[in-house]
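Novice: Handing you this structure, nothing more for now.
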Amino acid sequence: MQGIVPATGGLATVLVPGAGSLIIGLMARFGSDKIRGHGIPEAIEAILFGQSRMSPKVAVLKPLSSAVSIGSGGPFGAEGPIILTGGAIGSLFAQCFHLSGAAAGMTAIFGTPVAAMLLAVEVLLFEWKPRSFVPVSVAALTAIAWRPAWIGAGPMFVLTAPLAGDAAMLAGVAAAFFAKVAHRAYPVVDGEGRVLGLVSRTDALRWSQTPPEADTTICELVADHSLHRVSPLLPVDRAAELMLAEEIGRLLVVDDEGRLIGLLARRDLLRARADYRRDERDRSRFAGMA
């Protein structure tokens, strides 16, 4: 529920991009003017008019200037710089070893060999012939094969599994469990992650005072299929309205199969609201300084 970055950085919002632009301008003035622009038009120009030859300066300065531009908040994407940088490095090697660099560079960075092959052939080479397609395919496949060893394999967006109680947990164990944890309530899920109920600290306290039978599981005590389940795509304001209308303090966020994604509480909504108001105050303060 928290923002990824603050809404404003004060005067740095203006000064940092300006400093980045100045650095890139000096690199283009005293280094190579080939670093200007997005990258793909320059790569096409080198292929059509320069016999696919690029200088070592471009191979060094283009990734540096792109990093400065992106890092300083410039309106710049990574696709063009990767194409030109990979093409420049590939050009240097190709003059000795005849290698394809643009498709390999895009594959190594984004992990998309098919898109890299199509882009290199359609945008850069303009022909569907074996002399173009085969080297590009080999370069992209080689890059995707080596990518896990160099960068590592894993999901692009890592999500932490939500904390939940096992449906097979005994009620007596739940009392000891809640004595150690910080949250007031936990969803109860089965072996496939589907939500069966909600167990709270109050439930555990009641079980400790009036113990159920020794082999009773928490699923048998708290299973409730009438719990309010919502989609992760539900807007926050709708979630707040649902809590007010139903007079509840928590919503279970589940996917289409009923598997648990998370638990939304009132304090999460209040925290999101507080973050929004803080960002608005910072934005208003910055607008007053401008």
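Residue numbers (full-length UniProt numbering): 1 to 290. C-beta: ideal position from N, C-alpha, C; glycine also. Model, not experiment: these values are computed from the prediction.
Pull up the CB-CB distance for ALA113 and ALA140, whole angstroms please, since I reckon it's below 8 Å.
Specialist: The sequence position of residue 113 within the sequence shown is 113, counting from 1. The sequence position of residue 140 within the sequence shown is 140, counting from 1. Rather than Ala, the amino acid found at residue 113 in this sequence is Pro. Indeed they touch by this definition, with Cβ atoms about 4 Å apart.
Novice: Which residues share a DSSP beta bridge with VAL230?
Specialist: As a working note, residue 230 is residue 230 in the sequence shown. Bridge partners of VAL230: VAL253.
Novice: Could you spell out where the beta strand (DSSP E) holding ALA185 opens and where it closes?
Specialist: The residue given as residue 185 occupies position 185 in the sequence shown. Residues 185 to 189.
Novice: Under 8 Å between the Cβ atoms of LEU198 and VAL189?
Specialist: Within the sequence shown, the letter at position 198 stands for residue 198. Within the sequence shown, the letter at position 189 stands for residue 189. Cβ distance not < 8 Å, so LEU198 and VAL189 don't count as in contact.
Novice: Thinking C-beta only, is SER66 closer than 8 Å to MET27?
Specialist: Taking the sequence shown and counting its residues from 1, the one referred to as residue 27 is at position 27. Taking the sequence shown and counting its residues from 1, the one referred to as residue 66 is at position 66. In this structure, SER66 does not lie closer than 8 Å to MET27 by Cβ.
Novice: Quick check: the segment 227 to 240 against the segment 252 to 261, are at least 3 beta-carbon pairs closer than 8 Å?
Specialist: Short answer: they touch.
Novice: Count the other CB atoms within 10 Å of the CB of ASP203; is the residue buried (16 or more) or exposed (fewer)?
Specialist: Locating residue 203 in the sequence shown gives position 203, counting from the first residue. It counts as buried.
Novice: Tell me which residues share the same chain as LEU170 and place their Cβ nearer than 8 Å to its Cβ, disregarding the 5 neighbours each side in the sequence.
Specialist: The residue you call residue 170 lines up with position 170 of the sequence shown. Taken in chain order, the residues that qualify are ALA214, ASP215, THR216, THR217 and ILE218.
Novice: Work out the CA separation of ILE151 and ALA120 for me, nearest whole Å.
Specialist: Mapped onto the sequence shown, residue 120 falls at position 120. Mapped onto the sequence shown, residue 151 falls at position 151. So the alpha carbons of these two residues sit roughly 22 Å apart.
Novice: State the Cα-Cα distance for the pair LEU263 and MET117, rounded to the nearest angstrom.
Specialist: Position 263 of the sequence shown holds residue 263. Position 117 of the sequence shown holds residue 117. Distance between the alpha carbons of LEU263 and MET117: 42 Å.
Novice: CB SER72 to CB VAL16, shorter than 8 Å?
Specialist: Counted from its first residue, the sequence shown places residue 72 at position 72. Counted from its first residue, the sequence shown places residue 16 at position 16. Taking 8 Å as the Cβ cut-off, SER72 and VAL16 qualify as a contacting pair.
Novice: Which residues in the same chain have their Cβ closer than 7 Å to the Cβ of THR85, if we skip the five residues on either side of it in sequence?
Specialist: By one-based count along the sequence shown, residue 85 stands at place 85. Within the same chain, THR85 has close Cβ partners ALA59, LYS62, PRO63 and GLY105.
Novice: Return helix, strand or coil for ALA120, following the three-state DSSP convention.
Specialist: As a working mapping, residue 120 is identified with position 120 in the sequence shown. Looking at ALA120 - three-state DSSP - the assignment turns out to be helix.
Novice: Using a threshold of 7 Å, is the CB atom of PRO56 nearer than that to any non-hydrogen atom of the ligand MG?
Specialist: Looking for the ligand MG in the displayed structure turns up nothing, as the structure carries no ligands at all.
Novice: Could you tell me which of SER69, GLY18, ALA12 and LEU11 sits nearest to ARG36, measuring between CA atoms?
Specialist: On the sequence shown, residue 36 is found 36 positions in, with the first residue counted as 1. Of the candidates SER69, GLY18, ALA12 and LEU11, the one whose C-alpha sits nearest the C-alpha of ARG36 is SER69.
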